[in-house]
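Data first, discussion second: the structure below is written as structure tokens.
Protein chains: 2
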Amino acid sequence: MITVLAGGVGAARFLQGLVKEVPPQDLTIIVNTGDDLELFGLHISPDIDIVLYHLAGLADEARGWGIAGDTFQTVEALARFGYPTWFRLGDRDLATCIHRSNLLSEGSTLSEATAHLARAFDIQARILPMSNEYVPTKVETEDGLIDFQRFMVERGAKDHVRRIHFHGIHDAQPAPGVLNAIAEANAVVIAPSNPLVSIGPILAVSGVVDALKEARARIAAVSPIVGGAAIKGPAANMLRDLGYEASAAIIAKLYADFLDVLVIDNVDAALAPEIRALRLLAGRQGLDVVITDTIMKTVEVKVALARTVLAALDIRP
Amino acid sequence: MITVLAGGVGAARFLQGLVKEVPPQDLTIIVNTGDDLELFGLHISPDIDIVLYHLAGLADEARGWGIAGDTFQTVEALARFGYPTWFRLGDRDLATCIHRSNLLSEGSTLSEATAHLARAFDIQARILPMSNEYVPTKVETEDGLIDFQRFMVERGAKDHVRRIHFHGIHDAQPAPGVLNAIAEANAVVIAPSNPLVSIGPILAVSGVVDALKEARARIAAVSPIVGGAAIKGPAANMLRDLGYEASAAIIAKLYADFLDVLVIDNVDAALAPEIRALRLLAGRQGLDVVITDTIMKTVEVKVALARTVLAALDIRP
Chain A
1 MITVLAGGVG
11 AARFLQGLVK
21 EVPPQDLTII
31 VNTGDDLELF
41 GLHISPDIDI
51 VLYHLAGLAD
61 EARGWGIAGD
71 TFQTVEALAR
81 FGYPTWFRLG
91 DRDLATCIHR
101 SNLLSEGSTL
111 SEATAHLARA
121 FDIQARILPM
131 SNEYVPTKVE
141 TEDGLIDFQR
151 FMVERGAKDH
161 VRRIHFHGIH
171 DAQPAPGVLN
181 AIAEANAVVI
191 APSNPLVSIG
201 PILAVSGVVD
211 ALKEARARIA
221 AVSPIVGGAA
231 IKGPAANMLR
241 DLGYEASAAI
251 IAKLYADFLD
261 VLVIDNVDAA
271 LAPEIRALRL
281 LAGRQGLDVV
291 ITDTIMKTVE
301 VKVALARTVL
311 AALDIRP
Chain B
1 MITVLAGGVG
11 AARFLQGLVK
21 EVPPQDLTII
31 VNTGDDLELF
41 GLHISPDIDI
51 VLYHLAGLAD
61 EARGWGIAGD
71 TFQTVEALAR
81 FGYPTWFRLG
91 DRDLATCIHR
101 SNLLSEGSTL
111 SEATAHLARA
121 FDIQARILPM
131 SNEYVPTKVE
141 TEDGLIDFQR
151 FMVERGAKDH
161 VRRIHFHGIH
171 DAQPAPGVLN
181 AIAEANAVVI
191 APSNPLVSIG
201 PILAVSGVVD
211 ALKEARARIA
221 AVSPIVGGAA
231 IKGPAANMLR
241 DLGYEASAAI
251 IAKLYADFLD
261 VLVIDNVDAA
271 LAPEIRALRL
281 LAGRQGLDVV
291 ITDTIMKTVE
301 VKVALARTVL
311 AALDIRP
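Each protein sequence line maps, in turn, to chains A and B. Take 1 as the starting number for the first sequence in my numbering and just add one per residue. Take 1 as the starting number for the second sequence in my numbering and just add one per residue.
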């Protein structure tokens, strides 16, 4: 059993390789729901959906969100009624959100709704929201506290970030299966996702960090920071705004309490000694650094990266 | 002030002519909501929407429902989750239903939601649902009681109709303004809509028939039956199934308690003496028959028909 902590598109791409290396039914994916939003009267879970669509082979991989070939008739028509147009929810993507919202309004938990959706998309891997509670991430900027999707999509992640706030996280429980999936895994992988707003909310859920610290399996992370920049998204700027270095090394520091292996890109090979030295910080024994190609432009790179990560965790597929 | 009782596409086409002959703000349209359905977690009001789209100039006039050029991505994607596909709700049409459903879930009445939608579509005429309560029409067939839209759309109106049932109608109140709009109008027109399932539900709402009987204005109906057939829809078969003749004369009989003028098509001119003789049935004085072109293929015919109806009601635009 392999457990992956996942944010958005970087995680989804990594998972596409992973499901070719291990039986998908052996995989549990714990997904960030801090990006969730209520819009058009619907519950939208962008990170869950990006994982669903990538694993179902339906994703618009170039764009990194939504369904390939989707159209935008409904969101454009909703503008007439005064709804915001900055969140580009495609027409087929909307069907997923309609079904999720109907399941939730009929009393399903987000876990149950996610399992329904995964089945409908013929996905064998188990996909768990980090929590069944609504814990929307908010970003404190010079204009005040802004909902994450508005910060990210409407405002183009251009604001200086003073603080990141996981609204309601202190009262949120992990979704059923989350802590067990970490505790009982043979390997745990933290996908190459933004450590602050994608993995950060998962780590902030009650019990998750303790489960990681106490996990019997080794824990690897793939750095989303390559050559001092994020492959996609605002991670590098957010890190700098909050006083962190935008470097693969920061990933080891942020995950120091539980990390065993950090996978960094070839371009960051020179950082390896510095990162290995961080083992002194770690609450667990040692910190291996693995250097490989992490730019997942092709399916071959995705599969090779998955294989490298599994090997570093002593998993033989 | 002119008040029109309206069903679906026949009414919508008639209204397109009428708004060219009278100031739209002088017009109140009381619309059948017996066709309403709950589907995809949304409240769909097909007859209200067909009126909205025709008056907004957005209707697919050839097809007689929905928005011209609309696509069907969302309903097709919903099929994956097990939703029925027989109700073809277009992607832009869906936006209307999403907004209506959100307004209703926020506590608006259907009247208020309809007024919102009409404003968003820049419609000056006042559009009132017959009732704010959900009173779905059901059709009793050999397979039992079937929801109207399933009878009509899914099953293609092919079942033998034993009875028509307006579910909950005895407890339903007319929407605010409905009875006053009838009582205070200078003219009342019953649009060329199915008398059983489009106008029938409106007449079944408490107080509507009494308001028509007591109205100070003259009341005209345009026959939807031409040459023994319905211009569109199952009215003729339904009439025959229920033991009525499928003839323009039946319209006069069904509306005998309050009708002053029946407008019939040129092809039915020979029926005029028989219909005029029905004045003996009428609770009101006399029954005029006006013979004209009622096949509203062009905007010129629609305008001419509106002008003829208004003239028969002594209204000079």
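Just so it is clear, CB atoms sit at the ideal spot from N, CA and C, and this is done for glycine as well.
Exposed or buried, residue i, counting other C-beta atoms within 10 Å across all chains shown (16 or more means buried)?
{"i": "tryptophan 65 of chain B", "result": "buried"}
{"i": "glutamine 25 of chain B", "result": "exposed"}
{"i": "alanine 236 of chain B", "result": "buried"}
{"i": "arginine 92 of chain B", "result": "buried"}
{"i": "arginine 316 of chain B", "result": "exposed"}
{"i": "aspartate 268 of chain A", "result": "buried"}
{"i": "alanine 248 of chain A", "result": "buried"}
{"i": "glycine 17 of chain B", "result": "buried"}
{"i": "arginine 307 of chain A", "result": "buried"}
{"i": "glycine 8 of chain A", "result": "buried"}
{"i": "histidine 170 of chain B", "result": "exposed"}
{"i": "glycine 233 of chain B", "result": "buried"}
{"i": "glycine 107 of chain A", "result": "exposed"}
{"i": "alanine 277 of chain A", "result": "exposed"}
{"i": "alanine 62 of chain B", "result": "exposed"}
{"i": "glycine 90 of chain B", "result": "buried"}
{"i": "glycine 200 of chain A", "result": "buried"}
The alpha helix (DSSP H) with residue i in it runs from where to where?
{"i": "valine 209 of chain A", "result": "208-214"}
{"i": "histidine 116 of chain B", "result": "110-120"}
{"i": "leucine 196 of chain A", "result": "Segment: none, leucine 196 of chain A is in no alpha helix (DSSP H) and carries neither H nor E."}
{"i": "arginine 307 of chain B", "result": "299-312"}
{"i": "aspartate 322 of chain B", "result": "Nothing in the structure corresponds to residue 322 of chain B, since chain B is present only between 1 and 317."}
{"i": "alanine 183 of chain A", "result": "178-183"}
Looking at the unbroken beta strand (DSSP E) that takes in residue i, where does it start and where does it end?
{"i": "lysine 138 of chain B", "result": "137-141"}
{"i": "proline 129 of chain A", "result": "126-129"}
{"i": "arginine 163 of chain B", "result": "163-166"}
{"i": "valine 188 of chain B", "result": "187-190"}
{"i": "valine 4 of chain B", "result": "2-6"}
{"i": "glycine 156 of chain A", "result": "No beta strand (DSSP E) contains glycine 156 of chain A, which DSSP labels as neither H nor E."}
{"i": "isoleucine 146 of chain B", "result": "144-147"}
Using CA coordinates, which residue listed in the options is at the minimum distance from residue i?
{"i": "asparagine 32 of chain A", "options": "A/Leu18, A/Leu42 and A/Ala11", "result": "A/Ala11"}
{"i": "leucine 242 of chain B", "options": "B/Gln73, B/Asp147 and B/His165", "result": "B/His165"}
{"i": "phenylalanine 226 of chain B", "options": "B/Leu310, B/Val208 and B/Ile250", "result": "According to the sequence provided, residue 226 of chain B is valine. The question's phenylalanine does not apply to it. The shortest C-alpha separation from valine 226 of chain B is found at B/Ile250."}
{"i": "arginine 13 of chain B", "options": "B/Lys302, B/Leu313 and B/Leu145", "result": "B/Lys302"}
{"i": "isoleucine 123 of chain B", "options": "B/Arg316, B/Lys20, B/Ala229 and B/Ala204", "result": "B/Lys20"}
{"i": "alanine 304 of chain B", "options": "B/Leu5, B/Leu15 and B/Gly144", "result": "B/Leu15"}
{"i": "glutamate 184 of chain B", "options": "B/Thr28, B/Phe40, B/Phe72 and B/Ile146", "result": "B/Thr28"}
{"i": "aspartate 35 of chain B", "options": "B/Met152, B/Ala229 and B/Val75", "result": "B/Met152"}
{"i": "arginine 119 of chain B", "options": "B/Glu154, B/Ala56 and B/Glu245", "result": "B/Ala56"}
{"i": "serine 45 of chain A", "options": "A/Leu179, A/Met238, A/Val22 and A/Phe87", "result": "A/Phe87"}
{"i": "valine 309 of chain B", "options": "B/Leu78, B/Ile199 and B/Val22", "result": "B/Val22"}
{"i": "valine 205 of chain B", "options": "B/Leu103, B/Ile30 and B/Gly8", "result": "B/Ile30"}
{"i": "aspartate 314 of chain B", "options": "B/Thr294, B/Leu278, B/Ile50 and B/Val188", "result": "B/Val188"}
{"i": "alanine 230 of chain B", "options": "B/Lys253, B/Asp210, B/Asp265 and B/Ile202", "result": "B/Asp265"}
{"i": "serine 105 of chain A", "options": "B/Ile202, B/Arg150, B/Thr292 and B/Leu42", "result": "B/Leu42"}
{"i": "aspartate 293 of chain B", "options": "B/Val263, B/Ala311, B/Arg279 and B/Ala312", "result": "B/Val263"}
{"i": "arginine 150 of chain B", "options": "B/Thr85, B/Gly228, B/Leu110 and B/Tyr134", "result": "B/Thr85"}
{"i": "glycine 144 of chain A", "options": "A/Glu133, A/His160, A/Glu154 and A/Tyr134", "result": "A/His160"}
{"i": "leucine 254 of chain B", "options": "B/Asp210, B/Leu203 and B/Gly233", "result": "B/Leu203"}
{"i": "glutamate 154 of chain B", "options": "B/Arg162, B/Arg163 and B/Val139", "result": "B/Val139"}
{"i": "alanine 6 of chain B", "options": "B/His54, B/Leu37 and B/Phe40", "result": "B/His54"}
{"i": "isoleucine 182 of chain A", "options": "A/Val197, A/Ile50 and A/Gly207", "result": "A/Gly207"}
{"i": "aspartate 210 of chain A", "options": "A/Tyr134, A/Asn180, A/Val51 and A/Ile2", "result": "A/Asn180"}
Anything in chain D within Cβ reach of residue i, meaning under 8 angstroms, just list it in chain order.
{"i": "histidine 99 of chain A", "result": "You won't find chain D in this structure, because its protein chains are A and B."}
Consider the C-beta atom of residue i and the heavy atoms of the ligand GTP; say whether any pair is separated by less than 7 angstroms.
{"i": "isoleucine 44 of chain B", "result": "The ligand GTP is absent from the structure shown, which contains no ligands of any kind."}
Legend entry - Given 8 angstroms, three or more beta-carbon pairs between the segment 127-140 of chain A and the segment 166-181 of chain A: Segments in contact, yes.
Inset, instruction - Check whether the segment 184-192 of chain A touches the segment 210-222 of chain A, taking contact to mean three or more Cβ pairs, one atom from each stretch, closer than 8 angstroms. - result: Touching, yes.
Legend entry - Inter-stretch contact at 8 angstroms, needing at least 3 Cβ pairs: the segment 202-214 of chain B / the segment 250-261 of chain B: Output reads yes: the segment 250-261 of chain B touches the segment 202-214 of chain B.
Inset, instruction - Evaluate contact between the segment 114-123 of chain A and the segment 96-104 of chain B, counting only Cβ atoms and requiring at least three cross-stretch pairs below 8 angstroms. - result: No, the segment 114-123 of chain A does not touch the segment 96-104 of chain B.
Inset, instruction - Please specify which runs of the alpha helix (DSSP H), each continuous and at least 4 residues long, are wholly inside the segment 221-297 of chain A, giving them in chain order. - result: 235-241, 248-254 and 272-277, all fully within the segment 221-297 of chain A.
Inset, instruction - Any chance you could list the alpha helix (DSSP H) runs of at least 4 consecutive residues sitting entirely within the segment 11-86 of chain A, in chain order? - result: Counting only runs of 4+ residues, the alpha helix (DSSP H) found wholly inside the segment 11-86 of chain A occupies 46-55 and 73-78, in chain order.
Inset, instruction - Check whether the segment 290-306 of chain A touches the segment 266-276 of chain B, counting contact only when three or more Cβ pairs, one atom from each stretch, lie closer than 8 angstroms. - result: Here the segment 290-306 of chain A makes no contact with the segment 266-276 of chain B; the two share fewer than three CB pairs at distances below 8 angstroms.
Inset, instruction - Count the C-beta pairs between the segment 70-88 of chain B and the segment 65-78 of chain A that are closer than 8 angstroms, then say yes if the count reaches three, no if not. - result: The segment 70-88 of chain B makes contact with the segment 65-78 of chain A: 3 or more CB pairs, one atom from each, lie closer than 8 angstroms.
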